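Numbered by numbering that gives the first Met the number 0, the letters in the sequence shown go through residues 0 to 164 in order. Cβ atoms here follow ideal geometry from the backbone N, Cα and C, with glycine treated the same way. Note that the coordinates shown come from a computational prediction; the quantities given were computed from them, not determined experimentally. Only one structure is covered here, and it is reproduced in the block below.
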Amino acid sequence: MRATRRIQWVLPSVWCAITTVIIASGLQVPMSGGLSEAGFSYVLGVASHGETYRYGLALYAAASALLGVGFMFIPKMTSWPINRGMAWSTLMLMAVGGALMLVVPQVLVAMTAGANDNAWSLGQVWSAAWLEAGARVSIAGGLLGFATLVDAWIRRPRYSPASSS
């Protein structure tokens, strides 16, 4: 019984750690600059992905926070049985999606920063592609998280007056 209680706190703890690191990496991107500061934020500005990045970061942060709170408090406050396999799958999708959307594009641009124009252009194109792919994986993770909570609600124990007799 003690191990069961401990494992209930593992998922929320891991969830908070992973999503905090991903969101923090996204927040450190300055959305200003220009040719003199041709970093990741400039690539997003030139490719018209700056707003997409900001909205993606905000949506990812909100979805991660809501799902994290749901996975942390719903099992504690209710008798809803959250499917651990679905919850861990949600975490993995959200982590992979967040890394693809918020971390990989920054790494690609940083790797090609000192290279020739062709390499830098290729890094720019691929960073936009990874941004979109990560957004789609994150959306899938959010939907799976929502499905996990709906599944818990459907499988919740129900009080039946006939069974109490």
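Exercise. Could you check how far apart the C-beta atoms of G140 and T89 are, in whole angstroms? I think they sit under 8 Å.
Key: Sequence index remark: in the sequence shown, residue 140 carries index 141 (1-based). Sequence index remark: in the sequence shown, residue 89 carries index 90 (1-based). Right, the Cβ-Cβ distance comes to about 6 Å (below 8 Å), so this counts as a contact.
Exercise. Let me know the secondary structure DSSP gives Q105 once reduced to three states.
Key: Taking the sequence shown and counting its residues from 1, the one referred to as residue 105 is at position 106. Helix.
Quiz item: If we count the other Cβ atoms within 10 Å of its Cβ and call it buried at 16 or more, is L34 buried or exposed?
Solution: On the sequence shown, position 35 is the one that residue 34 refers to. Annotation note: pLDDT 44 at L34 (below 50); position unreliable, no value reported.
Quiz item: Buried or exposed: T147, going by 16 or more other Cβ atoms within 10 Å of its Cβ?
Solution: As a first step, residue 147 is located in the sequence shown; it is residue number 148 there, counting from the start. Per the 10 Å Cβ criterion, buried.
Quiz item: How big is the Cα-Cα spacing for R157 and M85?
Solution: Indexing the sequence shown from 1 puts residue 157 at position 158. Indexing the sequence shown from 1 puts residue 85 at position 86. R157 and M85: Cα-Cα distance of roughly 22 Å.
Practice problem: Using the Cα positions of A64 and N117, report the straight-line distance between them to the nearest angstrom. | Solution: Counted from its first residue, the sequence shown places residue 64 at position 65. Counted from its first residue, the sequence shown places residue 117 at position 118. Here the C-alpha atom of A64 lies approximately 39 Å from the C-alpha atom of N117.
Quiz prompt | Integer Cβ distance of M110 from G122, believed to fall under 8 Å | solution = Against the sequence shown, residue 110 aligns to sequence position 111. Against the sequence shown, residue 122 aligns to sequence position 123. M110 to G122, Cβ: 7 Å. Contact.
Quiz item: When you compare only the Cα positions, how much space is there between S137 and M100?
Solution: Against the sequence shown, residue 137 aligns to sequence position 138. Against the sequence shown, residue 100 aligns to sequence position 101. A straight line joining the alpha-carbon of S137 with that of M100 spans about 8 Å.
Quiz item: Nearest CA to the CA of V20: which residue from L92, V102, A57, L10?
Solution: Taking the sequence shown and counting its residues from 1, one reaches residue 20 at position 21. Between V20 and the set L92, V102, A57, L10, the nearest pair of CA atoms involves V102.
Practice problem: Give the DSSP-derived three-state secondary structure of N82 in the structure shown. | Solution: Position 83 of the sequence shown holds residue 82. The three-state secondary structure of N82, taken from DSSP, is coil.
Exercise. Take G55 as the anchor and find which of L26, A112, K75 has the nearest alpha-carbon.
Key: Taking the first residue of the sequence shown as position 1, residue 55 is located at position 56. If we check each option's Cα against that of G55, L26 comes out closest.
Exercise. Return the Cβ separation of P80 and A16 in integer angstroms, given the expectation that the two are a contact with Cβ distance under 8 Å.
Key: Locating residue 80 in the sequence shown gives position 81, where the first residue counts as 1. Locating residue 16 in the sequence shown gives position 17, where the first residue counts as 1. In this structure P80 is not in contact with A16, their Cβ atoms being roughly 25 Å apart against a cut-off of 8 Å.
Quiz item: By how many angstroms is the C-alpha of L107 removed from the C-alpha of F72?
Solution: As a first step, residue 72 is located in the sequence shown; it is residue number 73 there, counting from the start. As a first step, residue 107 is located in the sequence shown; it is residue number 108 there, counting from the start. Annotation: F72 to L107 spans about 37 Å, alpha carbon to alpha carbon.
Quiz item: Quick one: what does DSSP say Q123 is sitting in, helix, strand or coil?
Solution: In the sequence shown, the residue the question calls residue 123 occupies position 124. The answer is helix: DSSP assigns Q123 an H, G or I state.
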